[in-house]
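S.K.: The sequence shown runs 789 to 1003 under the working numbering.
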Amino acid sequence: MADIVRKELNSYFGGDTEITSEFRYGSGRTDLVFSRTSEKYLAKRAKALGKLIPIEKRDYLRMFLQIRDRKRISEDKFYEVGARQPRYKKKALSWLLENNFVMNKGNKIKTAPDLRRHITESHAVELKIKDWRTALEQAYGGRAYTNAQYVALAEENIDPVLENLDEFKRYNIGVVAVRKNVGCEVIHDPEKSSPFSPIHTWRLNERTLKVMDPN
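1) Go through its chain and collect everything with a Cβ distance to threonine 996's Cβ below 8 Å, but skip five positions before and after it.
2) Given 8 Å as the limit, is there contact between the stretch 930 to 938 and the stretch 969 to 986, that is, 3 or more CB pairs closer than that?
3) For leucine 820, write down the residues that DSSP places opposite it in a beta bridge.
4) By Cβ distance below 7 Å, which residues in the same chain neighbour lysine 918 in space, the five residues on each side in sequence not counted?
5) Let me check one thing: in DSSP terms, what residues is arginine 967 bridge-paired to?
6) Between which two residues does the beta strand (DSSP E) containing tyrosine 933 stretch?
7) Would you call the stretch 850 to 867 and the stretch 827 to 835 in contact, with 3 or more CB pairs under 8 Å?
8) Under a three-way DSSP split, which group does methionine 789 fall into?
9) Tell whether a beta-carbon distance below 8 Å holds between tyrosine 829 and aspartate 847.
10) I'd like to know whether the C-beta atoms of leucine 849 and isoleucine 843 end up nearer to each other than 8 Å.
11) For the beta strand (DSSP E) that isoleucine 987 lies in, which residues bound it at each end?
Now the structure itself:
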């Protein structure tokens, strides 16, 4: 089922998408995430950093976003704000400075220029054989970090979904019927929206990084 969905929805979402399996966010997990990425933004990031590496540790990513959301701030002030203890912040900041994600000029720190998400659009897809209620709940959590969310169910079990399609429309969740060894039919497309969680959106972004020569 997963292989059919990967192939069919990759094409449906425009082709050449980055597909992330079992993406975990907070207490949730999404089966498949289809992301469209910008080579232009990736190239700018590679040039700014001198290399292309992800921020894999969640604490380091949180620190990066805290600095990114502020104007220039002194290191001492940075250690004072927020709930994390200074020793954790010092370790994170040291790594970010070493890898050029953050610059220090005159004891004022800020993130390097041209560091933006290279993902331009993303779709979360929950796969289920027949448990549509659980799938609906799980898909709804994908609003945190994707632009659109879908539930994909085996076609032989799609009737209960069709009978409750208004429920999916109410929560703005798309529906896909999966035909065994044949393909997929998108029954309902949700309206796209902006994700609301910066940390989970950026974590997905970092998961999709590819090796790139900045030269």
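Where is the CB? At the ideal position from N, CA and C, for every residue including glycine.
M.R.: Checking against the coordinates, here is how it stands:
1) Position 208 of the sequence shown, counting from 1, holds the residue named residue 996. Taken in chain order, the residues that qualify are Glu806, Thr808, Ser823, Thr825, His906, Ile907.
2) yes
3) The residue you call residue 820 lines up with position 32 of the sequence shown. Leucine 820 pairs with Ser809, Val913.
4) Here residue 918 refers to the residue found at position 130 of the sequence shown. Here the set comprises Leu941, Ala942, Asn945.
5) Reading the sequence shown from its first residue, position 179 is the one you call residue 967. Per DSSP, Gly971.
6) Indexing the sequence shown from 1 puts residue 933 at position 145. No beta strand (DSSP E) holds tyrosine 933; DSSP gives it neither H nor E.
7) no
8) Position 1 of the sequence shown, counted from the start, is the residue given in the question as residue 789. Note: methionine 789 maps to coil in three-state DSSP.
9) What you label residue 829 is simply residue 41 of the sequence shown in a count that begins at 1. What you label residue 847 is simply residue 59 of the sequence shown in a count that begins at 1. No; because the gap between Cβ atoms is not below 8 Å, this pair is not in contact.
10) If you number the sequence shown from 1, residue 849 lands on position 61. If you number the sequence shown from 1, residue 843 lands on position 55. In contact: leucine 849 and isoleucine 843 (Cβ atoms closer than 8 Å).
11) Reading the sequence shown from its first residue, position 199 is the one you call residue 987. Not the beta strand (DSSP E): isoleucine 987 falls in the alpha helix (DSSP H), residues 986 to 995.
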